[in-house]
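Okay, so here's the structure we're looking at.
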């Protein structure tokens with residue numbers, strides 16, 4: 001499976017009502033965190049992750065798309081943030 005595009009580097013918290021949902025796994029959806037079928041046109045072989053909410057619940061959605069517990073955030077975005085920080089150097093003026 002190809003690497004996803006991170007839609008964000010922190011989770012998105014949403015209150016959901018009972019029902020069926022499709023979570024975006026590719027990162028290309030314009031309707032994050034939900035799938036809008038953008039994966040069909042994107043350079044990826046990823047598909048949506050379907051899940052069902054049985055009672056009202058607040059969900060912390062993974063937005064980096066690298067979670068091991070889809071669709072929930074498991075902290076994987078922290079690895080992405082550290083990797084990004086390690087490639088950037090800088091200093092303050094003054």
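In the working numbering, the protein residues as written are 1 to 94.
For every residue, glycine included, the Cβ atom is placed at its ideal position computed from N, Cα and C.
In chain order, what residues of the same chain have a beta carbon less than 8 Å from the beta carbon of residue 6, not counting five sequence neighbours either side?
Here the question's residue 6 lines up with position 6 in the chain shown. If we look at residue 6 and ignore the five residues flanking it on each side, its Cβ neighbours are 27, 63, 64, 65, 66, 77 and 80.
How many Å lie between residue 19 and residue 55 at the Cα?
Here residue 19 is taken as the residue at index 19 of the chain shown, counted from 1. Here residue 55 is taken as the residue at index 55 of the chain shown, counted from 1. Approximately 8 Å, taken between the alpha carbons.
Apart from the five residues on each side of it in sequence, which residues of its chain come closer than 7 Å, Cβ to Cβ, to residue 46?
Stepping through the chain shown from its first residue, residue 46 is reached at position 46. For residue 46, where only same-chain residues beyond five positions count, the Cβ hits under 7 Å are 1, 2, 4, 25, 26 and 39.
Any idea what DSSP makes of residue 41, helix, strand or coil?
Here residue 41 refers to the residue found at position 41 when the chain shown is read from its first residue. The answer is coil: DSSP assigns residue 41 none of H, G, I, E or B.
Going by Cα to Cα distance, which pick from 14, 10 and 51 is closest to residue 57?
Here the question's residue 57 lines up with position 57 in the chain shown. For residue 57, the nearest C-alpha among the options comes from 14.
DSSP has residue 58 in a bridge; who is on the other side?
Locating residue 58 in the chain shown gives position 58, where the first residue counts as 1. Paired residue(s): 15.
Out of 43, 33 and 42, point me to the one whose CA is closest to residue 50's CA.
Here residue 50 corresponds to residue number 50 of the chain shown, with the count starting at 1. For residue 50, the nearest C-alpha among the options comes from 33.
Just to confirm, is the Cβ distance from residue 60 to residue 11 under 8 Å?
Residue 60 sits at position 60 when you count from the first residue of the chain shown. Residue 11 sits at position 11 when you count from the first residue of the chain shown. Cβ atoms of residue 60 and residue 11: closer than 8 Å.
Name the residue from 22, 30 and 37 whose alpha carbon lies nearest to the alpha carbon of residue 70.
Position 70 of the chain shown, counted from the first residue, corresponds to residue 70. The shortest Cα separation from residue 70 among 22, 30 and 37 belongs to 22.
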